[in-house]
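A.B. asks:
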Ligand SMILES: Nc1ncnc2c1ncn2[C@@H]1O[C@H](COP(=O)(O)OP(=O)(O)OP(=O)(O)O)[C@@H](O)[C@H]1O
Ligand SMILES: [Mg+2]
């Protein structure tokens, strides 16, 4: 790839040597010998990379860079150790540093290293962007640093077949991540089979997972293929693995070790081809200490674990998620197309104990309730509206806030019935109507089913 390099160096010997080497390497190189020309060239956006001598930039670069809008890739040129101190405050990415005097070979290898690094950075950025787009296709939204680490892990484990343990509080997206790993892997065309280990009795889950043969137990009128086999070469996601009864933990461990499944009531062993992943919001090490989870199964499942951060630890993802759900729940022709600033501030201020699922439900509810162009503060659940001040125990709430909260709590307790709410508050119904209107809390006629 050919780059445009701007050479800002008053030392014409080194500037023209640099220009020759760069042209020889197939790049465009232009020399500027004054700060004014350099600033003009930067303002025009004429450079991909800047070779800049310390006499130009000064130690903090302020003489040169105050007018450039975009960050630059820079090769810093100095004397002695000066380039080590320089650059910290420069608004760009330092590709290489070189000290004068230098030999032609030194110059050539420094330039080549710098430009290769630039190309690698570009390729990495492109790959990351493509990956982001791909993950978005899988429904994963959020670009916080914590989610980037999750995405990196998803990509790393997607091509393998070993078990993955996905940890995280309820609603953090464990199943979604399991689906993304499956979808990015080589067996994406095969089935993805989620099993909720917490929802079924021990007996049912055994035949659900391993299958059974006719007559294995009362009511087993015909053979049944278990989900571990039904998944074929795809993925079985054992959700809430922490809830799996101990006896089944032993059976599952055997299946994973031997890669064979024996249906209930059968002597036949059938090969397990599916990849097994598991998820839990429980602290499995604690369950091991208490004797409710097998250590050996934990080690077998925990070849790689991915820990999903709770939403409160990546609040910067809230706007993108909120708009993602807004788009999902507003069909074509829906009047709602935005979220008011007040409502967004409220979403950002809340701690989301139910994580992304709670945010998803909250936006769905607001879309159902809202009528204007924007989701408004009063379209959000009252728990969120209190959230604006309830989380700051040191801050004394104003009387207005206390009153708002009392009204919302009474309306919640009275399931939206204003007369009952007014009685609970010890005020007249008309006063309650007036205050609800004044504070724009809720449409008092609105059905309690919405809250
Ligand atoms: N990063 C995300 N981007 C978009 N949607 C998400 C994200 N994380 C979670 N969701 C959505 O939130 C909801 C809950 O996600 P999921 O069921 O994967 O969570 P979970 O951790 O398995 O929860 P639980 O522990 O309750 O089973 C789903 O509707 C999912 O689509
Ligand atoms: Mg789940």
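Numbering (this note's numbering), first residue to last: 339 to 789.
Note that the Cβ used here is the ideal one computed from N, Cα and C, for glycine as well.
Which class does residue 391 belong to by DSSP, given the choice of helix, strand or coil?
C.D. replies: Strand, per DSSP.
A.B. asks: How many Å lie between residue 678 and residue 704 at the Cα?
C.D. replies: Taking the straight line joining both Cα atoms gives about 12 Å.
A.B. asks: Using a Cβ-based criterion (distance less than 6 Å to any ligand heavy atom), does residue 577 qualify as near ligand 2?
C.D. replies: Flag set: Cβ of residue 577 near ligand 2.
A.B. asks: For the beta strand (DSSP E) containing residue 667, name the first residue and the last one.
C.D. replies: Looking at the DSSP string, residue 667 is not in any beta strand (DSSP E); the run it does join, the alpha helix (DSSP H), is 656-667.
A.B. asks: Flag this pair as yes or no: are the beta carbons of residue 384 and residue 415 separated by less than 7 Å?
C.D. replies: No. Outside cutoff.
A.B. asks: Output yes if chain D places a C-beta closer than 7 Å to the C-beta of residue 674; else output no.
C.D. replies: Here there is only one protein chain, and chain D is not present.
A.B. asks: Is the beta carbon of residue 756 less than 7 Å from the beta carbon of residue 718?
C.D. replies: For residue 756 and residue 718, no; Cβs fall outside 7 Å.
A.B. asks: Any heavy atom of ligand 1 within a distance shorter than 6 Å of the CB on residue 563?
C.D. replies: No, the beta carbon of residue 563 sits no closer than 6 Å to any heavy atom of ligand 1.
A.B. asks: Over the uninterrupted beta strand (DSSP E) stretch that includes residue 410, give me the two end residues.
C.D. replies: Start and end: 410-417.
A.B. asks: Helix, strand or coil for residue 555 per DSSP?
C.D. replies: Residue 555 falls in the coil class under three-state DSSP.
A.B. asks: Can you list, in chain order, the residues of its chain whose CB lies under 6 Å from that of residue 728, leaving out five sequence neighbours each side?
C.D. replies: Legend: pLDDT at residue 728 = 48, less than 50; position of this residue unreliable, value from coordinates given subsequently. Counting only Cβ-Cβ distances below 6 Å, and skipping sequence neighbours, we find nothing.
A.B. asks: Compare the Cα-Cα distances from residue 571 to each of 637, 641, 578, 499 and report the closest residue.
C.D. replies: Among 637, 641, 578, 499, the Cα nearest to that of residue 571 belongs to 499.
A.B. asks: Nearest by alpha-carbon distance to residue 591: which of 604, 606, 566, 605 is it?
C.D. replies: Of the candidates 604, 606, 566, 605, the one whose C-alpha sits nearest the C-alpha of residue 591 is 566.
A.B. asks: How would you label residue 356, buried or exposed, when you count the other beta carbons within 10 angstroms and need 16 or more for buried?
C.D. replies: By the 10 Å Cβ count, residue 356 comes out buried.
A.B. asks: Please state the DSSP three-state secondary structure of residue 543.
C.D. replies: DSSP places residue 543 in helix when its eight states are reduced to three.
A.B. asks: Residue 438 bridges to which residues according to DSSP?
C.D. replies: Answer by DSSP bridge pairing, in chain order: 417.
A.B. asks: Taking only heavy atoms of ligand 1 into account, decide whether any of them is closer than 6 Å to the Cβ of residue 619.
C.D. replies: Residue 619: yes, Cβ under 6 Å from ligand 1.
A.B. asks: Taking the C-alpha atoms as reference points, what is the distance between residue 352 and residue 478?
C.D. replies: Spanning the two alpha carbons is a distance of roughly 51 Å.
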